[in-house]
Amino acid sequence: MAAAAARWALVAAVVVALAVALDNGVARTPPMGWLHWERFLCGTDCAAEPDRCVSERLFTEMADVMVAEGWKEAGYEFVCIDDCWMAPTRDERGRLRADPRRFPSGIRALADYVHSKGLKLGIYSDVGNTTCAGFPGSYGHYELDAQTFASWGVDLLKFDGCNADSLELLAEGYRNMSLALNKTGRPIVYSCEWPFYLRPMQQPNYTEIKQYCNHWRNFYDVYDSWNSIKSIMEWTALHQDSIVKIAGPGGWNDPDMLVIGNFGLSWEQAVTQMAMWAIMAAPLFMSNDLRHMKPEAKWLLQNKEVIAINQDPLGKQGYRITKDKNFELWERPLSDRAYAVAVLNQQEIGGPQNFTFSLTFLGNGLACNPACCIQQILPTSRDWGVHNWVSSLSVEVNPTGTVLLKLVPL
Ligand SMILES: *[C@@H]1O[C@H](CO)[C@@H](O)[C@H](O)[C@H]1NC(C)=O
Ligand SMILES: *[C@@H]1O[C@H](CO)[C@@H](O)[C@H](O)[C@H]1NC(C)=O
Ligand SMILES: *[C@@H]1O[C@H](CO)[C@@H](O)[C@H](O)[C@H]1NC(C)=O
Ligand SMILES: *[C@@H]1O[C@H](CO)[C@@H](O)[C@H](O)[C@H]1NC(C)=O
Ligand SMILES: *[C@@H]1O[C@H](CO)[C@@H](O)[C@H](O)[C@H]1NC(C)=O
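Written out as structure tokens, the structure reads:
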């Protein structure tokens, strides 16, 4: 045991030395909020779809609901605009401007409104000449755009990576925008897609990315489907040796938005997304219509115990320990020597199945040593009582569902 503990301490020391976070004082825990993209995409026709187009009305209504219906209190703080907010051209002084029909009051007024509700505003731009949807990009204007966003009172920038001619321009652009944001003097969460656009050509240098970004996307956009959620989890597990150790206060891997509350996930799959996004220390940006939420989805997304795991101050990302036929066992070390443990059943046929495992598997044998108290958090709250480190647990999990447990040492 002593040898194992010493090895663990050594690993921890090396990791701390590696991972220096962007020094802007924000994102000490994974940021939480709402982002329009997955649910509302690039809707620009407000005459045809007044409730769904990308407009100031969409964001003020979300801000209102976030305050009125407990989202803010649960920790969801950022109201974020994605692509398609801009006018097709810059103004006469070269500055970005919002589409005047859809944002008649302008972004400054929207930021003031969001701030008056005790929330924060996120905005979107792109490292290249145009955004992914073809609106003006920030290339050649990084400092001006950073100054513009800061002058409007923006609190988060999602910076996309479409339309960069080369890997050099991509990397320089992400670095330069980070420095430009710093120069404004305003703490602005900087959300990057740098490793995602780099990876097909080159192994990302995460040490460097963490010095410039607060969180970063590694993999494809999330869709409102189980296939999408599965592929994100599998990608994360397959790359965990390089990405897990880099995550920590100030810098997070971003597996993309929560799609709970939409159309594509069953209840079990929604539980799996919530549980696994907590295990992965993921930024929690919902993309759904908060004006029309079923009570179950709201219960899940506002679940205090799951959010507490996601927001654990130690800031270590979890990882997959084993994959045994259809079952996956994941763990995440938490503060005060506690652990979160997820048991995921990937079988897509039949009924509930039991997975039985020894607690000696967890935390290199240290998670429940000599004994611990086990609390089930999802799919329902349940007390499992006191166990010792050689106990076996038998956990019944529905197809495509997850059981999330918290182990607290005694
Ligand atoms: C800018 O960077 C410096 C040095 O890393 C840091 O001390 C400062 O807090 C940063 N300011 C902002 C607004 O990010
Ligand atoms: C933007 O367009 C200019 C002119 O075509 C080009 O030189 C430059 O490389 C482009 N920038 C990026 C980031 O691709
Ligand atoms: C980044 O900033 C450096 C220093 O100001 C400049 O030389 C370089 O052209 C910039 N690169 C891009 C892509 O804007
Ligand atoms: C990765 O980036 C860091 C920080 O910029 C640098 O010190 C290190 O040499 C880079 N590693 C590789 C393999 O390029
Ligand atoms: C799983 O194990 C529990 C406890 O041993 C048992 O009550 C339950 O019936 C089992 N479920 C299945 C699907 O085998």
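Just so we're aligned: the sequence shown equals residues -21 to -1, 1 to 389 in mature numbering (1 follows the signal peptide of the UniProt record, and there is no 0). Positions of the beta carbon are idealized from the N, C-alpha and C atoms, including for glycine.
With respect to the beta strand (DSSP E) encompassing residue i, which residues constitute its N-terminal and C-terminal limits?
| i | result |
| --- | --- |
| VAL382 | 381 to 388 |
| TYR55 | Segment: none, TYR55 is in no beta strand (DSSP E) and carries neither H nor E. |
| residue 426 | Outside the displayed range of the chain (-21 to 389) lies residue 426, so it cannot be described from this structure. |
| ALA77 | That residue, ALA77, is in no beta strand (DSSP E); it is neither H nor E in DSSP. |
| ARG196 | 194 to 196 |
| ALA321 | 318 to 324 |
| ILE356 | 350 to 357 |
| PHE242 | It is not in any beta strand (DSSP E) - PHE242 carries neither H nor E in the DSSP assignment. |
| ASN142 | It is not in any beta strand (DSSP E) - ASN142 carries neither H nor E in the DSSP assignment. |
So the alpha helix (DSSP H) residue i belongs to, where does it begin and stop?
| i | result |
| --- | --- |
| LYS189 | 185 to 191 |
| VAL174 | For clarity, residue 174 is Pro in the given sequence; the question names Val instead. Residues 173 to 177. |
| LEU123 | 121 to 131 |
| ASN289 | 283 to 289 |
| GLN219 | 219 to 222 |
Please classify residue i: does DSSP put it in a helix, a strand, or coil?
| i | result |
| --- | --- |
| VAL250 | helix |
| LYS277 | helix |
| ALA42 | helix |
| GLY344 | helix |
| MET212 | helix |
| LEU100 | strand |
| ASN206 | helix |
| ASP233 | strand |
| GLY22 | coil |
| GLY85 | helix |
| MET(-21) | At MET(-21), the pLDDT of 35 sits below 50, so the modelled position is not reliable and the matter cannot be decided from this model. |
| ALA(-1) | coil |
| ASP315 | helix |
| ALA6 | coil |
| ALA27 | coil |
| MET259 | coil |
When DSSP builds the beta bridges, which residues end up paired with residue i?
| i | result |
| --- | --- |
| SER337 | SER371 |
| residue 423 | Nothing can be reported for residue 423, as the shown portion of the chain is limited to -21 through 389. |
| LEU14 | CYS59 |
| THR109 | PRO115 |
| PHE264 | GLY12 |
| SER95 | SER95 is not bridged to any residue. |
| residue 447 | As displayed, the chain neither begins before -21 nor continues past 389, which places residue 447 out of reach and without an answer. |
| GLY364 | ILE353 |
| PHE138 | SER104 and CYS171 |
| GLN332 | VAL376 |
| MET65 | ALA77 |
| GLY227 | GLY230 |
Roughly how many angstroms lie between the CA atoms of residue i and residue j, to the nearest whole one?
| i | j | result |
| --- | --- | --- |
| THR381 | ASN241 | 19 Å |
| TYR298 | VAL168 | 25 Å |
| MET212 | MET255 | 8 Å |
| LYS118 | ASN324 | Position check: residue 118 holds Tyr in this sequence, whereas Lys was assumed. Taking the straight line joining both Cα atoms gives about 45 Å. |
| VAL(-6) | LEU148 | Bear in mind that a pLDDT of 48 at VAL(-6), under 50, signals an unreliable position, so the number given afterwards is only what the model happens to contain. Rounded to the nearest angstrom, the two C-alpha atoms are 30 Å apart. |
| GLY12 | ALA42 | 10 Å |
| LYS273 | TRP205 | 19 Å |
| residue 398 | PRO67 | Nothing can be reported for residue 398: it is not among the residues displayed for the chain, which extend from -21 to 389. |
| ASP105 | ASP139 | 4 Å |
| TRP131 | PRO349 | 54 Å |
| ALA317 | SER337 | 17 Å |
| LEU341 | GLN296 | 15 Å |
| LEU386 | TYR153 | 40 Å |
| TRP(-14) | ARG74 | Only weak support is given to the placement of TRP(-14): the predicted model assigns it a pLDDT of 42, under 50, and the value that follows is read from those uncertain coordinates. Rounded to whole angstroms, TRP(-14) to ARG74 spans 51 Å at the Cα level. |
| VAL93 | CYS32 | 18 Å |
| PHE334 | LEU345 | 21 Å |
| MET180 | MET253 | 32 Å |
| LEU146 | GLN326 | 40 Å |
| LEU158 | ASN377 | 48 Å |
| MET(-21) | CYS347 | Because the pLDDT at MET(-21) is just 35, under 50, the model does not fix this residue reliably, and the point stays unresolved. |
| ILE188 | VAL223 | 14 Å |
| VAL(-8) | ILE225 | With a pLDDT of only 46 at VAL(-8), under 50, the local geometry of the prediction cannot be trusted, and the value read off the model is given with reservation. About 11 Å. |
| SER360 | ILE353 | 11 Å |
| PRO388 | THR8 | 23 Å |
| LEU269 | VAL44 | 7 Å |
| PRO358 | ALA319 | 14 Å |
| VAL365 | PRO29 | 54 Å |
Counting only beta-carbon separations shorter than 8 Å, does residue i have a partner in chain D?
| i | result |
| --- | --- |
| GLY132 | Protein chain content of the structure displayed is limited to a single chain, and chain D is not contained in it. |
(Q) Using 8 Å as the cut-off, can you tell me whether the stretch 54 to 63 makes contact with the stretch 105 to 123, which would need three or more C-beta pairs spanning the two stretches below that distance? (A) By the C-beta criterion, the stretch 54 to 63 is judged to be in contact with the stretch 105 to 123, since at least 3 inter-stretch pairs fall below 8 Å.
(Q) Using only Cβ atoms and a threshold of 7 Å, which residues come within that distance of a heavy atom of ligand 6? Order them by chain position. (A) Here the bound small molecules are ligand 1, ligand 2, ligand 3, ligand 4 and ligand 5; ligand 6 is not part of this structure.
Q) Does the stretch 224 to 242 come close enough to the stretch 270 to 286 that 3 or more CB-CB pairs lie under 8 Å? A) Contact between the stretch 270 to 286 and the stretch 224 to 242 is present, because at least three Cβ pairs lie under 8 Å.
**Q.** Three CB pairs or more closer than 8 Å across the stretch 195 to 204 and the stretch 169 to 186
**A.** Contact annotation: the stretch 195 to 204 touches the stretch 169 to 186, with at least three C-beta pairs closer than 8 Å.
Q.
Does the structure place the stretch 217 to 229 close enough to the stretch 34 to 50 that three or more beta carbon pairs sit under 8 Å?
A. With the cut-off at 8 Å, the stretch 34 to 50 and the stretch 217 to 229 do not touch.
Q.
Under 8 Å: do the stretch 301 to 315 and the stretch 241 to 253 share three or more Cβ pairs, one atom per stretch?
A. The answer is no - the stretch 241 to 253 does not touch the stretch 301 to 315, with fewer than three Cβ pairs under 8 Å.
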